[in-house]
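Colleague:
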Amino acid sequence: MAGSVRSAASRENSVRLLSDGRLRHIAFIMDGNGRWAERRGMPRRFGHSYGAAAFKKVVRYCGDIGITCVTVYAFSTENWQRPEAEVSSIMKLLVEYLGECERTADRDRLKVRFIGDLSRFEPDVRDRFTALEKRTADHERELNIAINYGGRDEIVHAVNRLISEGRTSVTEEDISGALYTAGLPDPDLIVRTAGEYRTSNFLMWQSAYSELYFTDTLWPDMTDRDVDLAVEEFYRRKRRFGRV
Ligand code: IPE
Ligand code: IPE
Ligand code: MG
325 MAGSVRSAAS RENSVRLLSD GRLRHIAFIM DGNGRWAERR GMPRRFGHSY
375 GAAAFKKVVR YCGDIGITCV TVYAFSTENW QRPEAEVSSI MKLLVEYLGE
425 CERTADRDRL KVRFIGDLSR FEPDVRDRFT ALEKRTADHE RELNIAINYG
475 GRDEIVHAVN RLISEGRTSV TEEDISGALY TAGLPDPDLI VRTAGEYRTS
525 NFLMWQSAYS ELYFTDTLWP DMTDRDVDLA VEEFYRRKRR FGRV
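Take 325 as the starting number for the sequence shown in the numbering used here and just add one per residue.
1) Cutting at 8 Å between CB atoms, please list the residues of its own chain near F526, excluding the five before and the five after it.
2) Please say whether P544 and G371 have beta carbons closer to each other than 7 Å?
3) Taking G387 as the reference, give the member of V436, R465 and R406 with the closest Cα.
4) Can you give the beta carbon distance from L542 to R359, rounded, assuming they're within the 8 Å contact cut?
5) If we require 4 or more residues per run, which alpha helix (DSSP H) segments fall completely within the stretch 437–462?
6) For a test of your reading of the model: does the CB of R359 fall under 6 Å from any non-hydrogen atom of ligand 1? Yes or no.
7) Which whole-angstrom value describes the C-beta separation of L503 and W529, a residue pair presumed to lie in contact below a C-beta threshold of 8 Å?
8) Output needed for D510: all residues of its chain with C-beta closer than 6 Å, excluding positions within five of it in sequence on either side, in chain order.
9) Quick one: Cα of G507 to Cα of G501, how far?
10) Quick check: what's the CA-CA separation for H463 versus C425?
11) State the start and end residues of the unbroken beta strand (DSSP E) segment that holds V396.
12) Looking at N403 and ligand 1, is the gap between the Cβ and the nearest heavy atom below 6 Å?
13) Just to confirm my understanding: we take A518, look at its own chain, exclude 5 residues before and 5 after, and list those with CB closer than 6 Å. What are they?
14) For N484, which three-state DSSP category applies?
15) Could you give the first and the last residue of the continuous alpha helix (DSSP H) run that contains F558?
16) In whole angstroms, give me the CA-to-CA distance for R427 and F379.
17) Quick one: grab the DSSP three-state call for V275.
18) According to the neighbour-count rule (16 or more other Cβ atoms, all chains shown, within 10 Å of its Cβ), is D550 buried or exposed?
19) In this structure, how does DSSP classify F565 when only helix, strand and coil are distinguished?
20) Quick check on V515: does DSSP put it in helix, strand or coil?
21) Rounding to the nearest angstrom, what Cα-Cα distance links A377 and A361 in this structure?
22) What whole-angstrom Cβ distance do R348 and T392 have, given they're in contact under 8 Å?
23) Say whether the stretch 452–460 touches the stretch 428–442, bearing in mind that this needs 3 or more beta-carbon pairs closer than 8 Å, one atom from each stretch.
24) For R465, report the span of its beta strand (DSSP E) as first-last.
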C-alpha cells in the first residue's frame with residue numbers, strides 16, 4: 325500500500341516535471357532477462373517472456389506520463405550469436421507482439437516503427453512490419469522497436485545509401501537522415517537495466533548528447549517506479565550541449 329501511494333505521488337511528480345517537454349524521447353536497453361530466469365532456476369526463454377510483459381507495461385506507462393517517443397532495444401546484430409533455441413524464442417515473442425500490435429495499435433494510438441536491418445527477417449514478417457508502420461503512421465505515441473539493430477551497422481548502411489545516391493561528400497544532417505531513425509528526435513535519455521555500464525552498439529550516432537541512466541533492476545522486474553526514478557534523475561541533470 326505504502327509503495328503504491330509513493331508511486332502515485334511520484335507519478336504526479338513525474339507528470340509535473342514532464343510538462344515542460346524536455347524529455348521527448350526515452351530509450352531502453354532492456355537487459356537482464358537471462359539472469360532473471362537463471363536466478364529462478366528457469367530456462368532463459370522465460371526471462372524473455374517476462375521481459376516482454378515488462379516491456380508492454382513500460383511502454384504504456386511512458387505514454388501515461390507524457391513521453392511521446394519510446395525506443396526499445398529488443399535484439400542486436402550481435403544477439404544472433406546466442407544459442408539457436410534462445411534466438412528462436414525471442415523471434416517468436418517478437419512475432420507474437422507484432423500480432424498484438426496489429427490488434428491494439430489503433431486503440432493505443434501507437435505509431436510503431438521497426439528499426440534495424442530488417443532484410444534478415446522472412447518476407448511475410450517484413451510485409452507485416454511495413455503494413456503496421458503504414459497503418460499507424462498518423463498515431464501520436466511513437467514506439468520504435470530495434471531488432472537486428474546495431475549502431476555501427478546502421479551507420480554503414482546510411483553511408484552506403486548515400487554513396488548509392490551518388491554522394492561523394494556528406495554532412496551530419498545527411499547521415500542523420502539516412503539512419504533507420506530518420507526523422508526521430510535524438511534520445512534525451514537512455515536507460516540500461518541489469519547493472520551493465522555500456523551501450524552495446526545502441527544508437528551510437530543518436531546518443532552523442534543523450535543522458536545515460538543505469539539501474540541494477542533486471543528488465544523483467546522493471547516497474548513504473550523504476551521509470552519514475554530514471555525520469556526524476558533526468559530532470560536533475562544539467563544538459564549543456566557543450567555550452568556553459
Ligand atoms: C536482454 O536480456 C534481452 C536481449 C539481449 C535479447 P539478456 O538475455 O541479455 O539477459 P542477460 O544479460 O543474459 O541477463
Ligand atoms: C544489449 O544487451 C542488446 C539488447 C538489450 C537487445 P546484450 O545483453 O546483448 O549486451 P552485452 O552482450 O551484455 O553487451
Ligand atoms: Mg544481456
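All residues carry an ideal CB built from backbone N, CA and C; glycine is no exception. Given the structure is predicted, the values throughout are model-derived calculations rather than measurements.
Modeller: Taking the definition as stated:
1) As a working mapping, residue 526 is identified with position 202 in the sequence shown. Annotation for F526: A351, I353, Y397, S400, A470, Y473, G475 and I514 place their beta carbon closer than 8 Å to its own, counting only its chain and skipping 5 residues before and after.
2) Your numbering for residue 371 matches position 47 in the sequence shown. Your numbering for residue 544 matches position 220 in the sequence shown. Yes; because the gap between Cβ atoms is below 7 Å, this pair is in contact.
3) What you label residue 387 is simply residue 63 of the sequence shown in a count that begins at 1. Measuring from the Cα of G387, the nearest candidate turns out to be R465.
4) For this step, residue 542 is matched to residue 218 along the sequence shown. For this step, residue 359 is matched to residue 35 along the sequence shown. Confirmed, Cβ separation roughly 6 Å.
5) With a minimum length of 4 residues, the continuous alpha helix (DSSP H) runs that stay inside the stretch 437–462 are 447–459.
6) The count along the sequence shown starts at 1 and reaches residue 359 at position 35. Checking the Cβ of R359 against ligand 1 gives yes.
7) By one-based count along the sequence shown, residue 503 stands at place 179. By one-based count along the sequence shown, residue 529 stands at place 205. Rounded to whole angstroms, the Cβ separation of L503 and W529 is 6 Å, and the two are in contact under 8 Å.
8) Sequence index remark: in the sequence shown, residue 510 carries index 186 (1-based). Closer than 6 Å at the Cβ level, and outside the excluded window around D510, lie Q530.
9) Translated into the one-based positions of the sequence shown, residue 507 becomes position 183. Translated into the one-based positions of the sequence shown, residue 501 becomes position 177. Distance between the alpha carbons of G507 and G501: 7 Å.
10) Residue numbering aside, residue 463 sits at position 139 when the sequence shown is read from its first letter. Residue numbering aside, residue 425 sits at position 101 when the sequence shown is read from its first letter. If I take the Cα positions, the gap works out to 13 Å.
11) Indexing the sequence shown from 1 puts residue 396 at position 72. First-last of the beta strand (DSSP E) with V396: C393 to Y397.
12) The residue labelled residue 403 in the question sits at position 79 within the sequence shown. Within the cutoff, so yes.
13) To locate residue 518, count along the sequence shown from 1; it is residue 194. Counting only Cβ-Cβ distances below 6 Å, and skipping sequence neighbours, we find D355, G356 and L542.
14) Here residue 484 refers to the residue found at position 160 of the sequence shown. In the three-state reduction of the DSSP assignment, N484 falls in the helix class.
15) Your numbering for residue 558 matches position 234 in the sequence shown. Looking at the DSSP string, the run of the alpha helix (DSSP H) that includes F558 is D548 to R560.
16) Counted from its first residue, the sequence shown places residue 427 at position 103. Counted from its first residue, the sequence shown places residue 379 at position 55. Spanning the alpha carbons of R427 and F379 requires a straight line of approximately 17 Å.
17) This structure cannot settle anything about residue 275, because the visible part of the chain is limited to 325 through 568.
18) By one-based count along the sequence shown, residue 550 stands at place 226. So D550 counts as buried.
19) Counting from one through the sequence shown, the residue named residue 565 turns up at place 241. Per DSSP, reduced to three states, the secondary structure at F565 is coil, with no helix or strand assignment.
20) For the purposes of this step, residue 515 is identified with residue 191 of the sequence shown, where counting begins at 1. Note: V515 maps to strand in three-state DSSP.
21) Numbered from its first residue, the sequence shown carries residue 377 at position 53. Numbered from its first residue, the sequence shown carries residue 361 at position 37. Going by the C-alpha atoms only, they are around 14 Å apart.
22) Locating residue 348 in the sequence shown gives position 24, where the first residue counts as 1. Locating residue 392 in the sequence shown gives position 68, where the first residue counts as 1. Rounded, the Cβ-Cβ distance is 6 Å, consistent with contact.
23) The stretch 452–460 is in contact with the stretch 428–442.
24) Translated into positions along the sequence shown, residue 465 becomes position 141. Taken as a continuous stretch (DSSP letters only), the beta strand (DSSP E) holding R465 covers R465 to A470.
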